[in-house]
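Sequential numbering of the sequence shown, starting at 3, is according to our numbering.
Backbone N, C-alpha and C fix where the C-beta goes; we use that ideal spot for every residue, glycine too.
Data first, discussion second: the structure below is written as structure tokens.
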Amino acid sequence: MASFRRLLPLPSSLLRTNISSITGIREGLGGSFRSYNAVASTEQTVLKLDEVDGLVLDGEVAKIRGEFEAAKQGFLRIPEAVKGMPKMNPEGIYVNKNLRLDNIQVYGFDYDYTLAHYSPNLQQLIYDLAKEHMVNEFRYPETCLKFRYDQTFPIRGLSYDKKNGCLLKLDFFGSIEPDGCYFGRRKLNRKEIEQIYGTRHIGRDQARGLVGLMDFFCFSEACLLADVVQHFVDAKLEFDATYIYQDVDRAIQHVHRSGLVHRGILSDPYRYLGRVLRFLTMLREKGKKLFLLTNSPYNFVDGGMRFMLEDSLGYRDSWRELFDVVIAKANKPEFYTSEHPFRYYDMEKDTLAFNKVDAFLPNKVYYHGSLKSFLQITKWNGPEVIYFGDHLFSDLRGPSKAGWRTAAIIHELENEIRIQNDDNYRFEQAKFHIIQELLGKLHATVANSQRSEVCQLLSEELNDERLKARSKMKKMFNKSFGATFLTDKGQESAFAYYIHQYADVYTSKPENFLLYSPEAWLHVPFDIKIMPHHVKVPSSLFKIQ
Numbered sequence: 003m004a005s006f007r008r009l010l011p012l013p014s015s016l017l018r019t020n021i022s023s024i025t026g027i028r029e030g031l032g033g034s035f036r037s038y039n040a041v042a043s044t045e046q047t048v049l050k051l052d053e054v055d056g057l058v059l060d061g062e063v064a065k066i067r068g069e070f071e072a073a074k075q076g077f078l079r080i081p082e083a084v085k086g087m088p089k090m091n092p093e094g095i096y097v098n099k100n101l102r103l104d105n106i107q108v109y110g111f112d113y114d115y116t117l118a119h120y121s122p123n124l125q126q127l128i129y130d131l132a133k134e135h136m137v138n139e140f141r142y143p144e145t146c147l148k149f150r151y152d153q154t155f156p157i158r159g160l161s162y163d164k165k166n167g168c169l170l171k172l173d174f175f176g177s178i179e180p181d182g183c184y185f186g187r188r189k190l191n192r193k194e195i196e197q198i199y200g201t202r203h204i205g206r207d208q209a210r211g212l213v214g215l216m217d218f219f220c221f222s223e224a225c226l227l228a229d230v231v232q233h234f235v236d237a238k239l240e241f242d243a244t245y246i247y248q249d250v251d252r253a254i255q256h257v258h259r260s261g262l263v264h265r266g267i268l269s270d271p272y273r274y275l276g277r278v279l280r281f282l283t284m285l286r287e288k289g290k291k292l293f294l295l296t297n298s299p300y301n302f303v304d305g306g307m308r309f310m311l312e313d314s315l316g317y318r319d320s321w322r323e324l325f326d327v328v329i330a331k332a333n334k335p336e337f338y339t340s341e342h343p344f345r346y347y348d349m350e351k352d353t354l355a356f357n358k359v360d361a362f363l364p365n366k367v368y369y370h371g372s373l374k375s376f377l378q379i380t381k382w383n384g385p386e387v388i389y390f391g392d393h394l395f396s397d398l399r400g401p402s403k404a405g406w407r408t409a410a411i412i413h414e415l416e417n418e419i420r421i422q423n424d425d426n427y428r429f430e431q432a433k434f435h436i437i438q439e440l441l442g443k444l445h446a447t448v449a450n451s452q453r454s455e456v457c458q459l460l461s462e463e464l465n466d467e468r469l470k471a472r473s474k475m476k477k478m479f480n481k482s483f484g485a486t487f488l489t490d491k492g493q494e495s496a497f498a499y500y501i502h503q504y505a506d507v508y509t510s511k512p513e514n515f516l517l518y519s520p521e522a523w524l525h526v527p528f529d530i531k532i533m534p535h536h537v538k539v540p541s542s543l544f545k546i547q
């Protein structure tokens, strides 16, 4: 109680009244009787102080209750202020580190999901090919062939726990999202999460057992991992989660390296590929240098580029003329740290030459290599180079450490921004924030040990409203894991953390740069609190004056 007296000082008039009454008693009575009455009077004073403390606390709770009731009146309508708030551009470029485009002389690109835009149908293709490989080659039960890819289940940026078999969504600080932990296809509750991990925070030792699913191919991988785990759970069979990851990963890699997925795409490009590349022709016209650096084999890239350029400016049969250097099968991220030599690729014979590569010739194709050799040959160094890629680890971490500027291509960004621009989302967001503020104010005013029935009831009502708003916002993005960039509480996700770390800028596709001048200066927003593309709707919009 003393702590509350320090927080909430009593009016001086009350204190003076109590002290004077004690003084009067001492003067009117004598001997031991005086001592007894002094003690009794002190106890009465303490009781009065407790009553005053309670009255003050009840008054503070009543004030918060009043603010809550006023806010609920505001919840009955969407304020015009929300409708009038500026919308974020789904095709905008969002900046983590200031970037002057007039200083950029060299533009490098990954191929898959960077230059090549794939439709959601590709995830189904990868998933089906991988599960068939696991059944046919790894002898998984034939019932696994009944699995169906569920595009509503995964998001990018999840982590798979090789020890416990869980799919996790982590926040910026490495803590597990309370509603973002799945064992198979079943969501675990808080108690189950604590039984497995002890706490929601993932420690350094536990983090070593996590695998980040960061690129666009990870959707099919995350779904297959969850489905295989669920199969073993339903069949009541013991399994090692590490082996499941290794088998799924090997199957996914086989689909790519064997050419199965490449042949599938090229057999029906209208089903899987989009049409792009006007950005490349603009860069060439501006005198910029361009290079292509991809892990995919040349024949696959060639087929896709021919398809995407067949209606474009006469480049259908000579797309390589757009680039100063074309490197395939680069083996990123090892490319950035190894000293592997480049090999000249003979397109007609489909073979690699043995002569040393000490220069990059026009309209030629090279395999393998390393960043060290690349820089030695091209003399392209540091901040004059920008590299575009979709995988934060394989594509961007190496260039970022080498001093290049980096641009992350995140296709789902457009959809997430459109959701955040919607009035329904902004309404729930503002509602969530004002409830958070009221809950914080209530917790700061009243300790758990001092809560009255009225206070407890208010706390429960606020928490219920907060959970409803949070659930509605989450389901607008993804029913299982919510938004890619944010947690359900509006904090940044672990995926957002890696974007901060490895991407100077990020956008949904390279062509968005056409919306900006090649000499533009791209600046970090001065008022940024979380991701640059995310706008926090102020809770003050709901406060009734």
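- For the pair I157 and V387, the Cα-to-Cα distance works out to about 30 Å.
- Here DSSP, grouped into helix, strand and coil, assigns T116 to coil.
- Proximity to N301 across S269, T283 and R273 peaks at S269, based on C-alpha coordinates.
- Under the three-state reduction of DSSP, E93 is assigned to coil, being neither helix nor strand.
- Distance from the Cα of N91 is smallest, within the candidate group V526, L517, E521 and A522, for L517.
- The region 413–428 makes contact with the region 479–495, as at least three CB pairs between them are under 8 Å.
- Distance from the CA atom of L282 to the CA atom of I66, rounded to whole angstroms, is 58 Å.
- If you ignore the 5 residues before and after P299, its C-beta comes within less than 8 Å of the C-beta of G261, H264, A330 and K331, all in its own chain and listed in chain order.
- The beta carbon of G182 is closer than 6 Å to those of K171 and F483 in its chain, skipping five residues each way along the sequence.
- Cα atoms of K381 and K291: separation of roughly 12 Å, rounded to the nearest angstrom.
- At the C-beta level, R407 and L101 come within 8 Å of one another.
- Membership of A446 in any beta strand (DSSP E) is not indicated; the residue belongs instead to the alpha helix (DSSP H) covering D425 to T447.
- Per the DSSP secondary-structure output, F140 pairs with nothing in a beta bridge.
- Counting only runs of 3 or more residues that sit fully inside the region 191–269, the beta strand (DSSP E) segments are 212–215, in chain order.
- Pairing V250 with L227 gives a Cβ-Cβ distance under 8 Å.
- Excluding the 5 residues flanking it on each side, A404 has same chain C-beta neighbours closer than 7 Å at Y338 and L373, in chain order.
- For V367, the pairing in a beta bridge is given by DSSP as Y347.
- Contact annotation: the region 206–215 touches the region 159–173, with at least three C-beta pairs closer than 8 Å.
- The Cβ-Cβ distance between V359 and R345 falls below 8 Å.
- By the beta-carbon neighbour count (other beta carbons within 10 angstroms, threshold 16), Y369 is buried.
- Counting C-beta atoms within 10 angstroms of its own C-beta, W321 has 16 or more neighbours from the protein chains shown and is therefore classed as buried.
- A residue is called buried once 16 or more other Cβ atoms fall within 10 Å of its Cβ, and E494 is buried on that count.
- Buried is the label assigned to L160, since at least 16 other Cβ atoms lie within 10 Å of its Cβ.
- Distances from the alpha-carbon of V230 to those of E194, H203 and F140 put F140 closest.
- Looking only at D304, V456, L103 and S222, the smallest Cα-Cα distance to D60 is reached by V456.
- Taking the Cα positions, A409 is about 5 Å away from Y508.
- Bounds of the alpha helix (DSSP H) holding L282 are R280 to E287.
- By the Cβ-count criterion, A73 is buried, with 16 or more other Cβ atoms from all chains shown falling within 10 Å of its own Cβ.
- Shown here, K491 sits in coil according to DSSP, grouped into three states, outside any helix or strand.
- Counting only runs of 3 or more residues that sit fully inside the region 506–531, the beta strand (DSSP E) segments are 507–509, in chain order.
- By the criterion of a C-beta distance shorter than 7 Å, Q107 is surrounded in its chain by K290, K291 and E386, once the five residues flanking it on both sides are discounted.
- In this structure, F218 sits near Y115, with a CB-CB distance shorter than 8 Å.
- K291 is bridged by DSSP to V108.
- For F174, the three-state secondary structure derived from DSSP is coil.
- According to the DSSP assignment, S161 belongs to no alpha helix (DSSP H) but to the beta strand (DSSP E) extending over L160 to D163.
- For F497, the enclosing alpha helix (DSSP H) has its first and last residue at A496 to Y504.
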